[in-house]
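Read through the structure below, which is laid out as structure tokens, and then see the notes.
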Amino acid sequence: MPIFAKVGEKEITRAIADMFHETLIDYADADVIIIGAGPSGLMAGKELASMKFKTLIVEQNNYIGGGFWVGGYMMNPVTVRAPAQKIFDELKIQYKQVADGLYATPGPNACSKLISAACDAGVKFLNLTKFDDLVLRDKRVAGVVVNWMPVSALPRNITCVDPVALEAKIVIDASGHDSVAVKRLMDRGLVKFAGMNPMWVEQSEDLVVEHTGEVFPGLIAAGMSVTETFGLPRMGPTFGAMLLSGKRAAEIAAMKLKEIAHVKVR
Amino acid sequence: MIKFRQVHLYSEPSSSTLDIDEVASYVKNMLGCDVDVREEFFTYFLTPDKIDYIANKIVATKVFDPRKPFTKHEPTPIEIEFEKKVLTNPMKRYLGILYDGFELQTIFDELIPSEENNLEHIHIAFTNRLVCTHSENDSRYHYRAIICGYPTLICTSGIVEAPAKPKEFYFLQQYYASMGNMNLDEVKKKFEGRFIDYDDSRLTEVVKGYVTQGLFYYITGEPFCTKKQCRLLNAHWQEDLIESQVNNGNLCQDHLKILNDFKTII
């Protein structure tokens, strides 16, 4: 007596393809596209999807979570400074207080629960998907151009694969140090890009949250992209600002979406 | 030798241990001239209609690459909003952003009304912004605790960051960081007393020294002295700063004589 149901290869293939294409077709026109599935992108996505906005996260890696799996120097405990432990509470992440105002938890614990919360809220993901360019329309960002990540890793003459475009009312650049979307605007002379200053944990976290915002009509910078865009100091292996910056990016995106006429709220 | 009649000191409310009235008494006893204490500089002079204009100008003085001479930064709306928040909330200390000290000084100068904008009135303003100036000697920016000139700017964060802490402090900090330990308080604790920290109980005494240097700039054209026993020592190390300002706190014989000569003419 077999343990598993009798299902053939073709049914499995069709299930994978159907589900993937359902997402792709539905989210080719999203309310918000977030570039990067690190802590700030996941947090922004979770918040926006909770507010019933159609939210898609594109991630170039196979895995979701970015640097949130590891605290620093290949050691996995991740830390946050107060008041970011309230997000741990909200996500039901167990943690311990290690010093006054400093909290720690294993990265896999925090990261998996944040991913889970984003999925539960309704965020859709396209992983192994590399940001290629922005869609610009009427002097505002109106979507992203993406391609399969492996395409960029192969010689151009054997991978002449055109990208595709996904439309969105708001794009959030949560791509970390790469700041891919902000850099694209800089290439065109549309925004100035300052680059990151040396590490200064005590000060950089406040500044990142304070500077989170719309850097160009339709484009919001969150997390380490903020650091790069405004030339703020690096923050080192602590994640409170990433989470709070993601939350603030979501609040700003929600406000902007409400300002845009005909916003599609599910 | 400039014969000034009145010294105006402006408070710095984010530094809880700075007793500006005590500094004023010290200056009055030292020079015998009129000294008054005013609110924080921008609170005192900045009118609501000028906040946007001044915030814009301050953002333009930001320094992003310490290895390059000053180039005017083009402000973005998020930076201007942030700067407005700093201007209207002098109780809060935001660090991590560098400003060109001489460029910043011209903004302070612009706000001083014409009836007081002359060398009979010496203005000594404090800021908690991190200021730096570009040195032609090594072609890079350096943090500064004082910007002599009109008006004199004393940077309370520069007092902490500009003179170097003991070398071993940085070695230990680097070691801790390499181990993923970003808790700077632990490192600070090991060197307690050997440097001036934020809200240090010795801050008022140290500020008296910097104010004296700012005033000597007007008296002789040279704010500094090379003698370690003189309050006019331009301390490059925190331990020298503590020695000259806290442990000693006096002028050398040469500068004492200059001061006495000055007092006979005002």
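Note that the protein sequences, when read in sequence, are chains R and G. Residues in the first sequence are numbered consecutively from 1343, following the working numbering. Residues in the second sequence are numbered consecutively from 65, following the working numbering. For glycine and all other residues, C-beta sits at the position ideal for the given N, C-alpha and C. Predicted model only: the values in this text are computed from it and were never measured.
- Within chain G, the C-beta atoms nearer than 9 Å to that of P1575 of chain R come from L159, G160 and I161, in chain order.
- Each residue's CA atom was taken as its position, placing L1444 of chain R and R1423 of chain R some 5 Å apart.
- Along the region 1351–1434 of chain R, the alpha helix (DSSP H) occurs as fully enclosed runs of 4 or more residues at 1351–1368, 1381–1392 and 1427–1432, listed in sequence order.
- Taking 7 Å as the cut-off, the Cβ atoms of I1512 of chain R and K1598 of chain R count as close.
- Around the beta carbon of F172 of chain G, 16 or more other beta carbons lie within 10 angstroms, which makes this residue buried.
- In this structure, the CA atom of V99 of chain G is about 7 Å from the CA atom of V91 of chain G.
- Taking 7 Å as the threshold, the shortest C-beta distance from H1363 of chain R to chain G does not fall below it.
- With distances taken between CA atoms, S1382 of chain R lies nearest to R:T1554 out of R:D1371, R:F1572 and R:T1554.
- Within the same chain, L1585, G1588 and K1589 come within 6 Å of M1385 of chain R by CB-CB distance, once the 5 residues on both sides are set aside.
- Per DSSP, N120 of chain G is one residue of the alpha helix (DSSP H) stretching across I115 to V123.
- Buried is the label assigned to V1524 of chain R, since at least 16 other Cβ atoms lie within 10 Å of its Cβ.
- In the three-state reduction of the DSSP assignment, C294 of chain G falls in the coil class, being assigned neither a helical nor a strand state.
- What E143 of chain G touches in chain R, judged by beta-carbon distance under 7 Å, is F1572, going in chain order.
- Its chain contains P154, M155, K156, R157 and N192 as the residues whose beta carbon lies nearer than 7 Å to that of S78 of chain G, once the 5 sequence neighbours on both sides are disregarded; these appear in chain order.
- Residue range H185 to T191 is occupied by the beta strand (DSSP E) that includes H187 of chain G, with no alpha helix (DSSP H) assigned at that position.
- A residue is called buried once 16 or more other Cβ atoms fall within 10 Å of its Cβ, and L1456 of chain R is buried on that count.
- Using a Cβ distance threshold of 7 Å, V1420 of chain R and F1558 of chain R do not count as a contacting pair.
- Three or more Cβ pairs closer than 8 Å define a contact, and the region 1446–1461 of chain R falls short of that threshold against the region 1480–1487 of chain R.
- For F288 of chain G, not one C-beta of chain R is nearer than 7 Å to its own C-beta.
- Classified as exposed, Q238 of chain G has fewer than 16 neighbouring CB atoms from the shown chains inside 10 Å of its CB.
- Here S1567 of chain R has D1515, A1516, S1517, G1518, S1521 and V1524 as same chain residues with Cβ atoms under 7 Å from its own Cβ, once five neighbours each way along the sequence are excluded.
- Here P1492 of chain R carries a helix assignment [DSSP, helix/strand/coil].
- Non-local beta-carbon contacts of R204 of chain G in its own chain, meaning distances under 8 Å to residues more than five positions away in sequence, involve P130, R131 and H198 in chain order.
- Against chain G, the CB of E1552 of chain R has a partner CB under 7 Å away; the residue lies at that interface.
- For D1480 of chain R, there is no enclosing beta strand (DSSP E), as DSSP marks it with neither H nor E.
- Listed in chain order, the positions of the region 1420–1434 of chain R with a beta carbon within less than 7 Å of a beta carbon of chain G would be empty, since no residue qualifies.
- The alpha-carbon of T1471 of chain R is positioned some 21 Å away from that of A1459 of chain R.
- Note on M1416 of chain R: under 16 other CB atoms within 10 angstroms of its CB, so exposed under the neighbour-count rule.
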